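Numbering (this note's numbering), first residue to last: -5 to 346.
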């Protein structure tokens, strides 16, 4: 769990060997100042509740942050080059025709089929990176792998959690499926389809423990090396996927954290929950970058999704609003009366 750090300490971290880092908890701002009469300055007492602090994490956290920084820099470079090329070749007429084509496709949408998975509600869905397999979770604590076209159940993982499976996400790199539940545990299913053909159930399951209350959402980092989880214990946590260990937990929200979403480059993480505030965190340093709350949601926030352009963030809340934020201007861009769940489509011009 990390708070913000003054610049001098951050510079020492960036330029030091992780084994040589020596950080003193607190900072000089916490010292009481006295006036000329020797009395304590009452103004300092008002800042006690907002005291910044730093809690050291495990040694491997330093290396993870370095890897994330390198990964994000590479992704950002490719994204900016792509956006520049798109801008150079942009044709307003073709763009308008393309948008009208998208609209027509959605008008023609129809129900392909339905599938009854269990005797309880279906609580979460997640496509694998190839979009040829759908994972579906249930309130009965089980997870099902479904063929997206035929809706045939390929494999069932019963009783992964004692109650509702509230979080579900595929790794973008490895064949790993993460599930999370009301028991505060996370299960990592390695090679979940490996034995699907012969009906065996030998896929490896790694269980992660740390949260004190139910987990509401999980999401892999774009690199696939770490996993973020949001919980009703007022924290979100970052996990090392390969080691199956917790890297750190982050406080900051005053109520349940319902959702987390990684920036497309992997540099930032957005978190939101029942306090109606969206917080942006820098995964490369652990610092809180920005709070998005002005003219925002008036109730709990349940869903977040980044657009691949890197500067638009959409949020869905219990107030039935869908808000789009512009991170460059650090404010709300637009609002739509919509549903509580949302996702950007792969063409990045539509969301639902």
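Every residue gets a Cβ at the ideal spot worked out from N, C-alpha and C, and that includes glycine. Given the structure is predicted, the values throughout are model-derived calculations rather than measurements.
Beta carbon of residue i nearer than 9 Å to that of residue j
i: residue 218; j: residue 167; result: yes
i: residue 131; j: residue 117; result: yes
i: residue 316; j: residue 330; result: yes
i: residue 244; j: residue 230; result: yes
i: residue 261; j: residue 228; result: no
i: residue 211; j: residue 258; result: no
i: residue 178; j: residue 206; result: yes
i: residue 143; j: residue 158; result: no
i: residue 247; j: residue 268; result: yes
i: residue 304; j: residue 70; result: yes
i: residue 235; j: residue 120; result: no
i: residue 91; j: residue 160; result: no
i: residue 59; j: residue 277; result: yes
i: residue 321; j: residue 220; result: no
i: residue 169; j: residue 122; result: yes
Reduced DSSP secondary structure (H/G/I, E/B, other) of residue i
i: residue 70; result: helix
i: residue 111; result: coil
i: residue 95; result: helix
i: residue 207; result: coil
i: residue 33; result: Reliability of the predicted coordinates at residue 33 is poor, the pLDDT of 49 falling under 50, and no value is obtained from them.
i: residue 417; result: Any property of residue 417 remains undetermined from this structure, which presents the chain solely from -5 to 346.
i: residue 185; result: coil
i: residue 150; result: strand
i: residue 160; result: strand
i: residue 55; result: helix
i: residue 81; result: helix
i: residue 27; result: Here residue 27 scores only 43 on pLDDT, less than 50, and its place in the model should not be relied on; the value that follows carries that caveat. Here residue 27 sits in coil by DSSP.
i: residue 284; result: strand
i: residue 90; result: helix
i: residue 124; result: coil
i: residue 237; result: coil
i: residue 76; result: helix
Proximity winner among the options, relative to residue i (alpha-carbon distances)
i: residue 154; options: 142, 173 and 141; result: 173
i: residue 198; options: 301, 208, 209 and 183; result: 183
i: residue 327; options: 178, 208, 134 and 286; result: 286
i: residue 288; options: 324, 85, 149 and 295; result: 324
i: residue 292; options: 204, 314 and 88; result: 314
i: residue 126; options: 148, 133 and 298; result: 148
i: residue 215; options: 80, 88, 107 and 300; result: 300
i: residue 201; options: 226, 171 and 225; result: 171
i: residue 53; options: 123, 241 and 266; result: 241
i: residue 106; options: 169, 55, 146 and 81; result: 146
i: residue 187; options: 104, 133 and 151; result: 151
i: residue 51; options: 185, 108, 279 and 72; result: 279
i: residue 284; options: 294, 290 and 272; result: 272
i: residue 163; options: 224, 56 and 103; result: 224
Integer-rounded CB distance, given that residue j should sit under 8 Å from residue i
i: residue 264; j: residue 270; result: Not confirmed; about 14 Å, so no contact.
i: residue 296; j: residue 252; result: 5 Å
i: residue 226; j: residue 266; result: The pair is not a contact, with the Cβ atoms about 13 Å apart (cut-off 8 Å).
query = Taking contact to mean at least 3 C-beta pairs separated by less than 8 Å, is the stretch 132 to 141 in contact with the stretch 101 to 114?
reply = Touching, yes, given that three or more Cβ pairs across the two stretches are closer than 8 Å.
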